[in-house]
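Using this note's numbering, the final residue of the sequence shown is 901, and nothing's skipped along the way.
Glycine included, every Cβ here is placed at the ideal spot set by N, Cα and C.
This report refers to the structure that appears directly beneath it.
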Amino acid sequence: MITDESIQLVKDTARIEDVVGDYVNLKRRGQNMLGLCPFHNEKTPSFNVNPARNIYKCFGCGEGGDPIKFLMTLEQLSYPDAIRKIAARYNIKLEEKEVSQEVREERQEKEALILVNEFAQQWFADQLYNTDEGKSIALSYFKSRGFRREVMDKFGLGYAPNARNGLLKAAVAAGYKEEQLDKLGLTRNKKDFFWDRVMFTIHNLSGKPIAFAGRILKKDVKAPKYVNSPESEIYYKSEVLYGLHQARQSVRKLDNVYMVEGYTDVISLHQNGIENVVATSGTSLTPGQARLVKRQTENVTLLYDGDKAGIKAALRGVDVLLLEGLNVRVVILPDGEDPDSYMQQVGTTAFQEFLEKKRRDFLFFKADLLLEEAGDDVAARSDAIRSSIATLALVEDPLKRAGYLQQFTGRLGLEESLLVNLVNQAIADRRVQAQKEMEREERRRERNARAERQQLPPVRPQRPPTPTESTPPPPKADPTDDEWAGLQEPSWDGMEEPSWGGMDVAEMPPPDLPDVLPEREEDTASAGGDLLMSGHSYLERDLAKLLINHGSKIYEKEKNQSIAAFLTANVADVLNDFDNDRFKKLVVLVTDYVGQHKNGPAPEWYLNHPEEYVRILAQEFMKTAHTLSPNWKDKYGLRLSQKPPEENHKLAAEIFLRILRMAKVDRKLRENTRKIADFQRQGDEANIIRHIRLQDKLNQIKKELAAGLGTVVITK
Numbered sequence: 186m187i188t189d190e191s192i193q194l195v196k197d198t199a200r201i202e203d204v205v206g207d208y209v210n211l212k213r214r215g216q217n218m219l220g221l222c223p224f225h226n227e228k229t230p231s232f233n234v235n236p237a238r239n240i241y242k243c244f245g246c247g248e249g250g251d252p253i254k255f256l257m258t259l260e261q262l263s264y265p266d267a268i269r270k271i272a273a274r275y276n277i278k279l280e281e282k283e284v285s286q287e288v289r290e291e292r293q294e295k296e297a298l299i300l301v302n303e304f305a306q307q308w309f310a311d312q313l314y315n316t317d318e319g320k321s322i323a324l325s326y327f328k329s330r331g332f333r334r335e336v337m338d339k340f341g342l343g344y345a346p347n348a349r350n351g352l353l354k355a356a357v358a359a360g361y362k363e364e365q366l367d368k369l370g371l372t373r374n375k376k377d378f379f380w381d382r383v384m385f386t387i388h389n390l391s392g393k394p395i396a397f398a399g400r401i402l403k404k405d406v407k408a409p410k411y412v413n414s415p416e417s418e419i420y421y422k423s424e425v426l427y428g429l430h431q432a433r434q435s436v437r438k439l440d441n442v443y444m445v446e447g448y449t450d451v452i453s454l455h456q457n458g459i460e461n462v463v464a465t466s467g468t469s470l471t472p473g474q475a476r477l478v479k480r481q482t483e484n485v486t487l488l489y490d491g492d493k494a495g496i497k498a499a500l501r502g503v504d505v506l507l508l509e510g511l512n513v514r515v516v517i518l519p520d521g522e523d524p525d526s527y528m529q530q531v532g533t534t535a536f537q538e539f540l541e542k543k544r545r546d547f548l549f550f551k552a553d554l555l556l557e558e559a560g561d562d563v564a565a566r567s568d569a570i571r572s573s574i575a576t577l578a579l580v581e582d583p584l585k586r587a588g589y590l591q592q593f594t595g596r597l598g599l600e601e602s603l604l605v606n607l608v609n610q611a612i613a614d615r616r617v618q619a620q621k622e623m624e625r626e627e628r629r630r631e632r633n634a635r636a637e638r639q640q641l642p643p644v645r646p647q648r649p650p651t652p653t654e655s656t657p658p659p660p661k662a663d664p665t666d667d668e669w670a671g672l673q674e675p676s677w678d679g680m681e682e683p684s685w686g687g688m689d690v691a692e693m694p695p696p697d698l699p700d701v702l703p704e705r706e707e708d709t710a711s712a713g714g715d716l717l718m719s720g721h722s723y724l725e726r727d728l729a730k731l732l733i734n735h736g737s738k739i740y741e742k743e744k745n746q747s748i749a750a751f752l753t754a755n756v757a758d759v760l761n762d763f764d765n766d767r768f769k770k771l772v773v774l775v776t777d778y779v780g781q782h783k784n785g786p787a788p789e790w791y792l793n794h795p796e797e798y799v800r801i802l803a804q805e806f807m808k809t810a811h812t813l814s815p816n817w818k819d820k821y822g823l824r825l826s827q828k829p830p831e832e833n834h835k836l837a838a839e840i841f842l843r844i845l846r847m848a849k850v851d852r853k854l855r856e857n858t859r860k861i862a863d864f865q866r867q868g869d870e871a872n873i874i875r876h877i878r879l880q881d882k883l884n885q886i887k888k889e890l891a892a893g894l895g896t897v898v899i900t901k
């Protein structure tokens, strides 16, 4: 177990721009840095790195945190392993306590599976180098391909011997479980899955072994040439590119990646100085793989064998690269050659010159290939043109698409106006299909979110602090159904007659108050891990944002009362009616803090809070506030009628509470309306009259609340 002192040293040393920069191509944007988010699919960068605060935040998917959280999320690491990885990066020697058996057993299953794969990789390597069978069969094969020892070790090559339980026995003897071997596909039915094959290790982006591929060397057996590990908790083949871990630095340096089909192609090119190369492992390209590439570079060069049938089959997979906004080029190798064989034949220098000379834009290559194959056949040419237009429609950059349109006019033999119409129609069709898929995905997410939200344990709010000069007494609770009749609006301690900062009550807060009432994001994955915002969750989110950004500021100087004290006291009576457990729990935490310290927590308290969801909320909400241009006063001589947003926290708190109260009253109105309808169906006159009176009282309360907002309420 790592000592607290070592953990703190890692936290103090790690720089977010360094850690993220190992995975994401970052560009400077003012004081921050910007890149494509590694956690979700995006074409326009929304992933921000703030070196000053040493945090990251994606404003597209909501992911955010510090360097440790980044590695934990991206690499699926445990907290200790993330600490170790950062320590290794900065050459920090960690002090560790002896790990207890209990702690070892609590390690996540994914960590255990990685350890099993590491053992398997070492065992395969041992069979390759240290057994007569491995040396005579596998090592001689690798040497015939020209592979050197250091490159073989770098890529984790090995050998699975012609025995059916060698790995199983060795792993069990070393203390690993058969169930884990089965999960990883290393064994099946108490026998080794890989046998009599040379082995290739598949790594994730951080270099951890997550899967294996085995190639048979015998040619006279009826067995597949390659067999691969099945997907597991640590291996999703659609999210992995072979060799990307080894190629990453070269790809980013050269701003281009070569994409080939086979494992040996990657190793051979890498060994001969072309290190920016990855393989799809014989499968069609997936969106996940395209996103993986785009985080490193926007330029992809595909290396195809000269076989036309194979080329046409591969064309279909390129669409996913274009959809990600990547620039795709193609190099066709001579007939009968693959990258490995051609490299061996002509040498590194000539091969590199060939790649530069023969590289062609993919869209032009595809159009020329299909039209050449169609010849004078009108129907075939029409199909070729439609296919080329469909591919062109995948290019979303309007300037790039316009450039292609100009050149396609001559290539396809069409007038530009007709070509533009056809492309626009293809784009419209694709967007309709994408919208349908998005709606299906949103419905699926909503169902999952509802199910997950129902599993969250209820948060029992703690008793509000005892009223003091700095903490006003809480108002009466909103009435129950039996208590509504005859009651007046609950008292609003601290704002019976609020001072509206010189603003007429008919005016709303200034429009540039983004930190108070943020835009409503439908079905968003944010806010500290909540998957779906519903009901009053948006208002509760606003409350959390007010507490984090403005809670430590003064609400009433005479009483030394903070914004946090004012807000928590005035929502204590409606806390049980909160829809979002995370926001409810945050209010309880702040209420406790106010009760103990008499003031509101500073932003740093949230950023460093032991509860992860509190830290995530703080990172999400503590965005750089909008500032008003000095030109209004300095250049135009105009004086602002309102305080700037960062000084309007008192007014924002007062208005927010009225809005929240009115939302709760609206909910009671809807519930009461449904009850009146039920009593009418039952013919219960007494309850009908009682609830109609209650409806009048609720509408009166709503009008009084709205008066403070300058809002007109129309009752039915």
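Anticipated Cβ contact below 8 Å, residue i with residue j, distance rounded
{"i": "ALA838", "j": "LEU752", "result": "6 Å"}
{"i": "PRO394", "j": "GLN306", "result": "5 Å"}
{"i": "GLY392", "j": "HIS430", "result": "5 Å"}
{"i": "THR372", "j": "SER423", "result": "The Cβ separation is near 24 Å, so there is no contact."}
{"i": "SER466", "j": "TYR427", "result": "5 Å"}
{"i": "ASN928", "j": "ARG274", "result": "Given a span of 186 to 901 for the chain in the structure shown, any question on residue 928 remains unanswerable."}
{"i": "VAL209", "j": "PRO223", "result": "6 Å"}
{"i": "TYR344", "j": "ALA359", "result": "19 Å between Cβ atoms; not a contact."}
{"i": "LEU518", "j": "ALA475", "result": "No, LEU518 and ALA475 are not in contact; Cβ-Cβ is about 23 Å, not under 8 Å."}
Option nearest residue i by Cα separation, candidates the options
{"i": "LEU488", "options": "VAL505, SER572, GLN481, ASN461", "result": "ASN461"}
{"i": "SER435", "options": "CYS222, GLN474, VAL478, ARG382", "result": "VAL478"}
{"i": "GLN312", "options": "LEU342, ALA297, LYS328", "result": "LEU342"}
{"i": "VAL357", "options": "ALA535, ASN413, TRP308", "result": "TRP308"}
{"i": "PHE332", "options": "SER453, LYS354, ALA273, ASP553", "result": "SER453"}
{"i": "ASN755", "options": "LYS742, GLU743, VAL775", "result": "VAL775"}
{"i": "PHE232", "options": "VAL383, GLU805, LEU879", "result": "GLU805"}
{"i": "LEU353", "options": "ALA237, LEU732, TRP380", "result": "TRP380"}
{"i": "ASN606", "options": "GLU581, LYS621, GLU627, ILE574", "result": "ILE574"}
{"i": "ALA396", "options": "GLY370, TYR411, VAL406", "result": "GLY370"}
{"i": "MET186", "options": "ALA345, SER263, LYS542, ASP504", "result": "SER263"}
{"i": "GLN481", "options": "GLN865, LEU211, ILE844, ARG846", "result": "LEU211"}
{"i": "TYR906", "options": "ALA345, GLU418, LEU298", "result": "Residue coverage of the chain in this structure runs from 186 to 901, which leaves residue 906 outside it and unanswerable."}
{"i": "HIS834", "options": "GLU509, LEU845, LEU732", "result": "LEU732"}
{"i": "GLU296", "options": "PRO252, PRO265, ASP520", "result": "PRO265"}
{"i": "ARG846", "options": "LEU836, ALA871, LYS888", "result": "LYS888"}
{"i": "GLU725", "options": "LEU842, PRO519, GLU416", "result": "LEU842"}
{"i": "ASP553", "options": "GLY736, LYS196, GLY351, ASP568", "result": "ASP568"}
Cross-strand partners of residue i (DSSP beta bridge)
{"i": "VAL234", "result": "MET218, TYR241"}
{"i": "ILE187", "result": "GLU281"}
{"i": "TYR344", "result": "VAL383"}
{"i": "GLN746", "result": "GLU741"}
{"i": "LYS196", "result": "For LYS196, which the question treats as bridged, DSSP gives no partner whatsoever."}
{"i": "MET444", "result": "VAL463, LEU487"}
{"i": "ILE401", "result": "ARG382"}
{"i": "THR372", "result": "ASP377"}
Residue burial classification, residue i (beta-carbon count within 10 angstroms, cutoff 16)
{"i": "GLU704", "result": "With a pLDDT of only 33 at GLU704, under 50, the local geometry of the prediction cannot be trusted, and the value read off the model is given with reservation. Counting Cβ neighbours within 10 Å, GLU704 comes out exposed, since fewer than 16 surround it."}
{"i": "THR900", "result": "Low local confidence applies: a pLDDT of 47 at THR900 is under 50, so the model's placement there is unreliable, and no value is given."}
{"i": "ALA787", "result": "exposed"}
{"i": "GLU692", "result": "Note that GLU692 scores 31 on pLDDT, short of 50, meaning its location in the model is unreliable; the coordinates nonetheless yield the value given after this. Counting Cβ neighbours within 10 Å, GLU692 comes out exposed, since fewer than 16 surround it."}
{"i": "ASP863", "result": "exposed"}
{"i": "THR449", "result": "buried"}
{"i": "SER711", "result": "With a pLDDT of 40 at SER711, under the threshold of 50, the predicted position of this residue should be treated as unreliable, though the coordinate-derived value follows. Under this definition SER711 is a buried residue."}
{"i": "ALA408", "result": "exposed"}
{"i": "ASN315", "result": "exposed"}
{"i": "ILE877", "result": "exposed"}
{"i": "ILE874", "result": "exposed"}
{"i": "MET623", "result": "exposed"}
{"i": "THR486", "result": "buried"}
Neighbour flag for residue i against chain D, beta carbons, 8 Å
{"i": "ASP614", "result": "Of the chains in the structure shown, none is chain D; there is only one protein chain."}
Check: residue i C-beta below 7 Å from any heavy atom of the ligand FAD
{"i": "GLY351", "result": "Although the ligand FAD was asked about, the structure shown includes no ligands whatsoever."}
| request: Would you be able to state if there are at least three C-beta pairs under 8 Å between the segment 362-376 and the segment 246-259? | output: Here the segment 246-259 makes no contact with the segment 362-376; the two share fewer than three CB pairs at distances below 8 Å.
| query | Is the segment 777-790 touching the segment 755-769, taking contact as three or more C-beta pairs under 8 Å? | reply | They do not touch, by the three-pair rule.
| query | Counting pairs of Cβ atoms below 8 Å between the segment 614-634 and the segment 592-602, do you hit three or more? | reply | Result no; under three Cβ-Cβ pairs closer than 8 Å.
| Three or more beta-carbon pairs under 8 Å between the segment 534-551 and the segment 501-518, yes or no? | Because the criterion of three Cβ pairs below 8 Å is met, the segment 534-551 and the segment 501-518 touch.
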